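Remarks on the structure that follows.
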Amino acid sequence: MRRRTGTAPCLATVLVGEDPASVTYVRMKRNRCEQAGIRSRHVALPASTTTDDLVGAITALSRDPEVHGILLQHPVGAHIDERAAFEAIAPEKDVDGVTMRSFAAMGFGLPGFVSCTPGGILRLLDEYRVDLAGKHAVVVVGRSPILGRPAGLLLLGRDATVTYCHSRTTDLSAITREADILVAAVGRPRFLSGADIKPGAVVVDAGHNPGNVGDVDFASARERASLITPVPGGVGPMTIAVLLAQTVEAATGQLGVR
């Protein structure tokens, strides 16, 4: 792309505050950009940033022709309207798949950018030739608009039968034990154990908790699962890979490269 257009793809990252985990994630993404030949621009804003200030900063990036993709690192702080900030991202630059337009595209199976973690999960399942058609997929505590909900939509688009579980689900273990595909997005360390898993199930652990542990107790779960993603590793690197791939795709469209 640089040879044909004189321009390399550019990803802008926006970080509000100095949450240690968020700072680490952004640094990892910027390092991976450099390794892949993608330019990165970082916008660091103080924790006191208002919704209007954040929307203004993102709007400016959306209008900048030198920026091809925008990533708003979340969470952004309880005092900020995160949805308003997401919607300030131009749809053609929504490489993290967080806008309502991207969500609708995932729901209807239309072209667009997918949420990066669910998109990475689907690519991982494809790589290991996991047949999703007709399988019962359970997304555990999965109502997040950037992980659980879009993961279910993408699985549904592959003809899986999808069950969403959440904090008010009763007898959760009985449901997870019926899952052929189990996606854990709980945010609680080792929340699920081997006893919660159907023998032969494919387990995708999308959690990352202090101590580098996931939402699934790996040691006990691996005794029952046919495939299981590790933490660290597994889903995390795939999320970043999809982010970079979609940044290149966005630049391709904006620069008119075929």
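The opening position of the sequence shown corresponds to residue 0 in numbering that gives the first Met the number 0, with each subsequent residue numbered one higher. Glycine residues also receive a C-beta, built at the ideal position from the N, C-alpha and C atoms. Everything numeric in this text was worked out from a predicted model, so none of it was measured.
Distance from the Cα of V215 is smallest, within the candidate group L53, R223, I79, L191, for L191. Just so you know, the alpha carbons of A249 and L10 end up roughly 10 Å apart. G96 and N208 have their alpha carbons spaced roughly 23 Å apart.
Residues V97, T98 of the same chain have their beta carbon placed closer than 6 Å to that of F85, with the five preceding and five following residues left out of the count. Collapsing the DSSP output to three states places Y163 in a strand.
The C-alpha of L243 lies about 26 Å from the C-alpha of L181.
Taking C-beta atoms as the reference points, G193 and E91 fail to come closer than 9 Å.
DSSP places I88 outside both helix and strand once states are collapsed to three, so it counts as coil. In the assembly as shown, H78 is an exposed residue. Its beta-carbon has fewer than 16 other beta-carbons within 10 Å. K197 and L153 have their alpha carbons spaced roughly 22 Å apart. Around G210, the same chain offers P188 as residues with beta carbons nearer than 8 Å, after the five sequence neighbours per side are excluded. Contact check between the region 11-18 and the region 66-82: three or more CB pairs, one atom from each, fall below 8 Å, which counts as touching. By the 16-neighbour rule on beta-carbons within 10 angstroms, Y127 is exposed.
Ranked by how close their Cα comes to the Cα of E222, the residues T238, V202, V241, G233 have V202 in first place. Taking all protein chains shown into account, P8 has 16 or more neighbouring C-beta atoms within 10 Å of its C-beta and is therefore buried.
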